[in-house]
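Numbering (my numbering), first residue to last: 116 to 352.
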């Protein structure tokens with residue numbers, strides 16, 4: 116497309132998207148959190164948070180037809196702006212573009228290591244992490260960026276091995292003595308270390324936390340629904 120053609124296509128997408136949202140709003144008039152809703156969730160949140168929130172949504176909002184998609188932050192935000200999804204559950208900071216944001220809660224970062232590989236102190240400082248043994252998720256997962264930014268050690272970014280495609284894979288690598296990794300608190304609380312010889316301690320660093328949030332398109336006619344959904348997610352979490 117020419118630049119003008121691209122602007123025309125984007126405008127057409129926006130008009131169609133807003134028409135769909137208005138149709139959903141009309142069908143759900145007077146019934147909060149009802150009708151169809153498409154929500155994208157990033158992989159480092161989905162398996163740990165969804166089992167806690169879905170039963171509540173089914174119980175309290177039985178008319179809500181929630182269609183879930185698990186994808187990385189970049190894929191989810193692209194889908195949001197192109198109308199493939201209605202809202203995104205992700206971790207901040209992350210540049211998702213011009214969106215409305217409802218912050219839900221903070222999720223601390225932990226250092227996970229095989230028992231005996233590190234001193235089991237109450238917390239782990241970034242300086243105690245061996246950069247040659249740090250295992251991280253592959254590029255595209257924002258947890259990697261959050262963890263490396265919190266450590267504020269350039270050599271960690273240079274030396275860390277980007278190997279894993281999921282947190283469960285990372286834990287298995289650590290359990291087999293291949294290194295250490297970073298985990299979010301929600302994964303530890305959900306039992307990701309059960310039946311392993313891996314332990315985890317909080318990362319002792321400034322900003323060693325990610326902020327869990329729900330985002331949606333600005334000026335969406337379903338803003339009230341999204342804010343209600345965010346309130347429910349925050350309560351359950």
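Built from N, CA and C at the ideal position, the CB exists for glycine as well.
The structure presented is a predicted model; accordingly, all values stated were derived computationally and were not measured.
Residue nearest to residue 235 within the set 314, 293 and 224 is 314 (criterion: CA-CA distance). Between residue 266 and residue 320, the CB-CB gap stays under 8 angstroms. Taking every protein chain shown into account, the CB of residue 333 has fewer than 16 other CB atoms within 10 angstroms, so this residue is exposed. Ranked by Cα distance from residue 322, the first of 237, 287 and 208 is 208.
Counting every other CB atom within 10 Å of its CB across the protein chains shown gives residue 280 a total below 16, marking it as exposed.
Taking 8 angstroms as the cut-off, the Cβ atoms of residue 206 and residue 200 do not count as close. Following the DSSP letters along the chain, one finds residue 192 inside the alpha helix (DSSP H) bounded by residues 188-196. Sequence-distant partners of residue 288 (beyond 5 residues in either direction) whose C-beta falls short of 8 angstroms from its own C-beta, in its chain, are 250, 278, 279, 294 and 296. About 17 angstroms separates the beta carbons of residue 318 and residue 220, which is beyond the 8 angstroms limit, so they are not a contact pair. For residue 182, DSSP records a beta bridge to 153. Here residue 270 has 246 as same chain residues with Cβ atoms under 8 angstroms from its own Cβ, once five neighbours each way along the sequence are excluded. Under DSSP, residue 223 forms a beta bridge with 324.
Taking C-beta separations shorter than 7 angstroms and ignoring five residues to either side along the sequence, the partners of residue 223 in its chain run 300, 317, 323 and 324, following chain order.
Residue 227 is positioned such that its CB atom lies no closer than 8 angstroms to that of residue 164.
DSSP, read as helix, strand or coil, puts residue 174 in helix. Membership of residue 237 in any alpha helix (DSSP H) is not indicated, and neither H nor E is assigned to it by DSSP.
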